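These notes concern the structure reproduced below.
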Amino acid sequence: MSRGLRRLACLFAAMVMALAGGAGTALAQPPGGAVLRVAVTQEIDSLNPFVAVFLTSTQVNRLMYEYLTTAGPDNSAQPALAESWQAAPDKLTWTFRIREANWSDGKPITAKDVAFTYNQIMTNDAAKEANGGAVENYASVTATDDRTLVIVTKQPMASILNSEIPIVPEHIWASQVDRIGTLTNTETFPVVGSGPYVLTGYQEGQSVTLQANDSYWRGRPKADGVQLVKYENTDAAVQGLRKGDIDLVRDTTPAQFDSLAGDPNITRNEGRNRRFTELLMNWSNPSGVDGKPFGDGNPALKDVRVRRALHHAIDVNAVVERIKQGHSEPGYSIIPPVYPDWTFTPAPGQRRDFDPEKAKALLDEAGYRAGPDGKRVGPDGKPLALRLVSSTDVATNRQLADFMVGWFNQIGVTLTPTFKSSNQADDDMSAGNFDLAFSGWSVNPDPDPMLHQQTCSYNATAQSDSGYCNPEYDRLYAAQQAELDKPKRQEIVKQMNSLLYDDVHAVVLTHDRLLEAYRSDRFTGFVTQPAEGGVITGQTGYWGYYNATPVATQANTGGGNPAGIIAAVIGGVIVLGLVAFFVVRGRRSSSDERE
Amino acid sequence: MTDLLPSTTTATDLAEPTKGRAQGGLAFVLRTIGGGLISMALIVVLGFFMFRVLPGDPVRAMTRDRPGNPEQLARLRAEFGLDQPLPQQFLDYLGDLARGDLGTSYKYSQPVTDLILGRLWPTVLLTGTALVISVALGLWLGSRAAWRHGSAFDRFTTATALVLWSVPTFWLGLIVLMVFAVALDLFPTAGMTSPGGVDGFFPAVLDVAHHLVLPCLTMVAVVYAQYLMVMRSSLLEEMTADYLTTARAKGLREDLVRRRHAVPNALLPTITIIFLQVGFVVSGAVTVETVFSWPGLGLLTYQALAVPDIPLLQGTLIALSSAVVIMNVAADLVYRLVDPRVRTR
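Chains A and B, in that order, give the protein sequences. Residues 1 to 595, numbered by the working numbering, are exactly what the first sequence covers, in order. Residues 1 to 345, numbered by the working numbering, are exactly what the second sequence covers, in order.
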């Protein structure tokens with residue numbers, strides 16, 4: 001029995017190896033010529049635009065479906081399916097003129113498609129998952145004719161031009177509305193869309209294949225297709241880029257990014273991104289849900305002088321240079337500088353710089369005097385000791401925490417960091433069970449959602465931040481929401497940012513850059529967002545993928561694959577060896593049995 | 001199997017003395033299967049409560065980094081059924097399970113059953129192939145090493161196996177990837193197929209096999225040592241047995257003494273290990289799947305933990321543990337078949 005088993009196993013192994021060896025020669029090129037292959041590490045939750053929320057999935061949806069308006073390379077709202085629009089004097093009624101364009105199956109795109117999509121999200125609970133929040137303020141959406149769409153909002157809504165809602169073809173989706181929340185949108189290919197690319201293939205957990213949309217209204221993209229290839233770790237993705245298995249990799253570590261320098265076929269892109277990293281300070285305000293107190297934040301942090309003192313103790317430039325290795329810039333606002341219309345930089349007199357002496361003075365003023373051992377003791381006689389919650393998911397957090405401990409120690413404040421899984425850390429933050437915590441968000445082109453998150457109503461919810469609550473801020477928030485005149489709205493947003501900064505709602509530390517690299521021997525012409533020094537991937541637009549241009553002469557399309565031949569030869573040798581082995585053994589066994 | 005001789009060494013005795021062989025056999029089978037069913041029931045209950053104790057809020061995970069507001073969060077909570085009291089959630093869970101419905105994943109908005117089935121084949125392919133190869137390699141090398149214990153061959157194979165066993169899988173995988181995929185350019189760097197797949201049945205099979213080599217190689221390198229060591233030690237125990245002297249006295253060649261007399265007896269403890277490992281085949285190898293981006297079930301489970309995607313976790317727990325339970329039951333039953341001492345008593 002053992003011999004049979006063993007022989008079977010060996011045979012099986014030989015088969016696999018033979019298959020593997022031969023496979024090198026049988027490998028097909030990706031379909032349709034010059035296909036941009038992008039390594040992605042995040043999972044695809046769904047490609048159904050009513051359901052998809054993960055960054056990678058919404059990126060694919062952006063390529064498949066146009067919006068009414070879209071964020072341009074400069075992050076301002078640009079015409080997309082709507083070629084023009086107008087707000088009525090009541091500030092509630094918006095009229096959009098829909099462009100003459102076709103779906104990828106040749107049928108015309110009309111205002112009815114837009115109305116269908118929006119009304120589904122507004123009325124069908126199953127369709128609300130991804131974009132329900134974006135239509136909450138809509139009273140009605142109607143198509144008065146094929147080219148005219150009228151949206152009436154409940155309250156004036158300045159952010160309406162940044163409502164990122166993928167518009168689906170009614171003639172495809174109308175028959176599916178009863179299953180709209182559970183469709184995968186990969187049931188039949190090609191998936192009819194209006195974006196620069198059309199979805200033509202999907203392998204769960206492995207790849208997404210899109211082909212250029214010939215009837216795209218801006219004109220067919222220059223690349224023949226885009227393929228997202230799933231890599232479970234960026235180490236392997238970087239190796240894949242070196243080898244040429246993929247053309248573009250995003251979100252590498254600084255070490256990986258540096259290791260790609262000097263490769264003549266690879267161009268690196270250090271893109272200014274739309275994220276910020278912050279140090280939360282627990283305000284210990286009551287819950288925005290039921291008004292009850294929650295959490296166990298240190299009451300010392302209720303004093304603005306203490307919060308300012310802590311800010312003065314932090315050397316943000318050291319964070320940029322020594323922890324982020326220069327791939328970052330100091331931050332002041334929860335609206336990143338890639339949005340120049342809405343970001344904020346404090347005036348010289350307002351800005352708080354690294355200044356331990358000033359920090360000590362502020363603590364003295366607040367009644368936290370230094371004891372004989374240099375430790376600060378509060379008016380209640382207790383030493384000023386704070387806890388820092390940090391998630392282990394961000395590799396640099398440990399180092400950052402170490403620096404914080406040192407800086408706070410200098411001013412006599414004891415800091416005790418704890419490291420937790422991101423879920424545990426998030427649980428602590430939502431429940432208010434922290435003094436200080438590292439956090440961060442990605443910000444959309446319209447500042448409204450990020451600003452909204454700092455209002456009192458968000459406290460103790462799953463999206464709460466510092467637990468900030470200032471009635472003056474909430475008043476300004478409502479005012480900017482209703483202000484349709486952009487310069488006036490900018491002025492209000494500036495006041496809000498300034499208020500957040502003076503109140504030290506949190507310490508915004510850095511805006512980290514996104515590290516990307518691509519095979520410039522295969523593709524070029526990527527348009528970044530923002531256009532100067534921005535990112536190729538992870539945009540709130542499709543500019544990077546849409547403008548990718550294949551390099552004219554390609555050495556690596558078609559033809560023989562020498563590696564495959566080598567593999568086949570090796571495989572063949574192994575198989576021959578195993579066959580010989582079995583033949584010899586077989587003879588010996590039979591002679592044994594004859595004994 | 002005819003030349004199997006009873007030995008005085010340590011085979012685990014699973015059967016009890018009973019009135020009749022057939023009757024005892026049936027009772028034993030029923031008892032074993034019953035035990036398996038009780039284990040499954042406990043797992044079903046445990047799965048429900050265990051994943052609800054996990055830190056993390058699925059609603060927050062599904063709205064992170066996106067515009068949302070408290071009303072939307074509440075709606076999502078209701079959609080997931082998380083606004084219901086825990087006993088009600090438990091009853092719903094049991095009811096769905098009784099109807100064979102493992103629920104809908106929070107993250108993928110897809111039936112959990114579909115997700116698990118989609119990942120089952122890649123997992124079984126990778127871990128199954130690796131298991132077969134490592135068992136074959138381990139048993140072969142282990143029996144040779146024991147037969148000539150103390151020799152240079154023994155020292156070399158044992159040391160190599162132990163070194164590979166101790167190497168961190170992630171590190172070894174990346175080295176293998178850099179050498180065979182990048183430097184030598186022999187194999188692809190990720191996935192189970194070429195992106196988008198390949199047309200035609202035979203090319204598709206070759207494509208999968210081509211992608212399978214490196215992850216399989218890594219897994220085999222890491223795990224074959226356990227079979228080698230078990231085989232080696234159990235054969236060593238047999239080495240001094242009298243029946244081998246008898247066999248030699250009959251004039252049998254050394255090779256034949258080993259293969260037909262010593263190894264079959266030494267194989268018994270190894271079979272137990274193999275069966276237990278087969279149970280773990282479906283849970284796959286998260287590390288290898290991560291390095292080579294292989295779309296396996298282990299990876300699906302691991303990623304579901306980050307949300308936490310409770311229905312998916314419950315489903316994978318049930319799928320993975322039923323495999324282990326079934327293989328345990330099978331091991332008990334098969335052991336009875338292969339070990340005459342258990343059968344005849």
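Glycine included, each C-beta is placed from N, C-alpha and C at the ideal position. Small disclaimer: the values here were computed from a predicted structure and weren't measured.
Inset, instruction - Taking all protein chains shown into account, decide if A39/A is buried (16 or more other Cβ within 10 angstroms of its Cβ) or exposed. - result: By the beta-carbon neighbour count (other beta carbons within 10 angstroms, threshold 16), A39/A is buried.
Legend entry - Near-chain A residues of the segment 151 to 178 of chain B - C-beta to any C-beta below 9 Å: For the segment 151 to 178 of chain B, residues whose beta-carbon sits nearer than 9 Å to a beta-carbon of chain A comprise F170, G173, L174, L177, M178.
Inset, instruction - Determine, using beta carbons only, whether Q424/A comes closer than 8 Å to chain B. - result: Judged by the 8 Å Cβ criterion, Q424/A is in contact with chain B.
Inset, instruction - Could you name the residues of the same chain whose beta carbon sits closer than 8 Å to that of I492/A, not counting the 5 residues immediately before and after it, in chain order? - result: Counting only Cβ-Cβ distances below 8 Å, and skipping sequence neighbours, we find L476, A479, Q480, E483.
Inset, instruction - Kindly say whether A181/B, judged by its beta-carbon, lies nearer than 8 Å to any beta-carbon of chain A. - result: With respect to chain A, the C-beta atom of A181/B has a partner C-beta closer than 8 Å.
Inset, instruction - Determine the DSSP secondary structure at H511/A, reduced to helix, strand or coil. - result: It is a strand residue.
Inset, instruction - Scan the segment 312 to 326 of chain A for residues whose Cβ lies nearer than 9 Å to a Cβ of chain B and list them as they occur along the chain. - result: From the segment 312 to 326 of chain A, no residue has a Cβ closer than 9 Å to chain B.
Inset, instruction - Taking D45/A as the query, report the chain C residues whose CB atoms sit under 7 Å from its CB, ordered along the chain. - result: In the structure shown, chain C cannot be found, because the protein chains are A and B.
Legend entry - Chain-ordered neighbours of Q72/B on chain A, where CB pairs are closer than 8 Å: Residues of chain A passing the Cβ test: K128, G132, G133, E136.
Legend entry - Residues in the segment 230 to 248 of chain A having any Cβ partner in chain B nearer than 7 Å: Listed in chain order, the positions of the segment 230 to 248 of chain A with a beta carbon within less than 7 Å of a beta carbon of chain B are K230, Y231, E232, N233, D235, A236, Q239, G240, R242, K243, D245.
Inset, instruction - Check the Cβ of A255/A against every Cβ in chain B and list those closer than 7 Å, keeping chain order. - result: Correct list: empty, because the minimum Cβ distance to chain B is about 13 Å.
Inset, instruction - Could you tell me the boundaries of the beta strand (DSSP E) in which K230/A lies? - result: Unbroken beta strand (DSSP E) run through K230/A: 225 to 230.
Inset, instruction - Please check if any C-beta of chain A sits within less than 8 Å of the C-beta of M62/B. - result: So yes, M62/B belongs to the interface.
Legend entry - G181/A: contacting residues in chain B (beta-carbon distance under 8 Å): Contacts between G181/A and chain B, judged by CB atoms closer than 8 Å, involve S109 in chain order.
Inset, instruction - Please name the residue, chosen from G200/B, F90/B, L305/B, P311/B, that lies closest to N423/A on a Cα-to-Cα basis. - result: For the residues G200/B, F90/B, L305/B, P311/B, the minimum Cα distance to N423/A belongs to L305/B.
Legend entry - Beta-ladder partner(s) of Y202/A, from DSSP: For Y202/A, DSSP records a beta bridge to V208/A.
Inset, instruction - Return yes when the Cβ of L126/B is within less than 8 Å of the Cβ of G296/B, no when it is not. - result: Taking 8 Å as the Cβ cut-off, G296/B and L126/B qualify as a contacting pair.
Inset, instruction - Report yes or no: do three or more beta-carbon pairs, one from the segment 404 to 414 of chain A and one from the segment 362 to 382 of chain A, lie closer than 8 Å? - result: Enough Cβ pairs lie closer than 8 Å, so yes.
Inset, instruction - Give the DSSP-derived three-state secondary structure of W94/A in the structure shown. - result: Three-state result, W94/A: strand.
Legend entry - Distance CB(A506/A)-CB(D448/A) smaller than 8 Å: No.
Inset, instruction - Indicate whether at least one CB of chain A lies closer than 8 Å to the CB of T351/B. - result: No information on residue 351/B is available, as it lies outside the stretch 1 to 345 that chain B covers here.
Inset, instruction - Check the Cβ-Cβ distances between L289/B and every residue of chain A, and say whether any is below 8 Å. - result: The sequence shown places Glu at residue 289/B, not Leu. Cβ-Cβ to chain A under 8 Å: yes for E289/B.
Legend entry - Cross-chain neighbours of V289/A in chain B, by beta carbon under 8 Å: Within chain B, the residues whose beta carbon sits less than 8 Å from that of V289/A are P70, listed in sequence order.
Inset, instruction - Mind listing, in chain order, the continuous beta strand (DSSP E) runs of no fewer than 3 residues lying wholly within the segment 207 to 294 of chain A? - result: As far as the segment 207 to 294 of chain A is concerned, its whole beta strand (DSSP E) runs of at least 3 residues are 207 to 212, 225 to 230, 266 to 271, 275 to 281.
Legend entry - Of the listed residues G193/A, A212/A, A126/A, Q42/A, nearest to T182/A (C-alpha basis): The shortest Cα separation from T182/A among G193/A, A212/A, A126/A, Q42/A belongs to A126/A.
Inset, instruction - Compare the C-beta of P87/B with all C-beta atoms of chain A and state if any pair is closer than 8 Å. - result: For P87/B, the answer is no, since every Cβ of chain A falls outside 8 Å of its Cβ.
Inset, instruction - Leaving out five residues on either side along the sequence, give the residues of the same chain with a beta carbon under 7 Å from the beta carbon of L162/B. - result: Same-chain partners within the cutoff: A225.
Inset, instruction - Can you check the segment 92 to 127 of chain B for any alpha helix (DSSP H) of at least 4 residues that lies completely inside it and give the ranges in chain order? - result: Secondary structure remark: continuous alpha helix (DSSP H) runs of at least 4 residues inside the segment 92 to 127 of chain B: none found.
Inset, instruction - With 8 Å as the threshold, decide whether the Cβ of R336/B is near any Cβ in chain A. - result: Chain A, which has no Cβ nearer than 8 Å to the Cβ of R336/B, makes this no.
Legend entry - Per-residue burial, K107/B [other beta carbons within 10 Å of its own, 16 or more giving buried]: K107/B is buried by the Cβ-count criterion.
Inset, instruction - Tell me whether S46/A sits in a helix, a strand or coil according to DSSP, three-state version. - result: Coil, per DSSP.
Inset, instruction - Could you please give the first and the last residue of the uninterrupted alpha helix (DSSP H) stretch that includes D332/B? - result: From DSSP, the alpha helix (DSSP H) with D332/B extends over 310 to 338.
Inset, instruction - Would you check if there are 3 or more beta carbon pairs closer than 8 Å linking the segment 116 to 136 of chain A to the segment 71 to 81 of chain B? - result: With a cut-off of 8 Å, the segment 71 to 81 of chain B and the segment 116 to 136 of chain A count as touching, because enough Cβ pairs lie within range.
Inset, instruction - Return the first residue and the last residue of the beta strand (DSSP E) that W83/A is part of. - result: The sequence given here places Glu at residue 83/A; Trp does not occur at that position. First-last of the beta strand (DSSP E) with E83/A: 82 to 87.
Legend entry - At least 3 beta-carbon pairs within less than 8 Å: the segment 242 to 257 of chain B vs the segment 186 to 200 of chain B: The segment 242 to 257 of chain B makes no contact with the segment 186 to 200 of chain B, as fewer than three CB pairs between them are under 8 Å.
Inset, instruction - With a cut-off of 8 Å on the beta carbons, I'd call V288/B and M219/B a contact; round off their distance for me. - result: About 5 Å separates the Cβ atoms of V288/B and M219/B, confirming a contact at the 8 Å cut-off.
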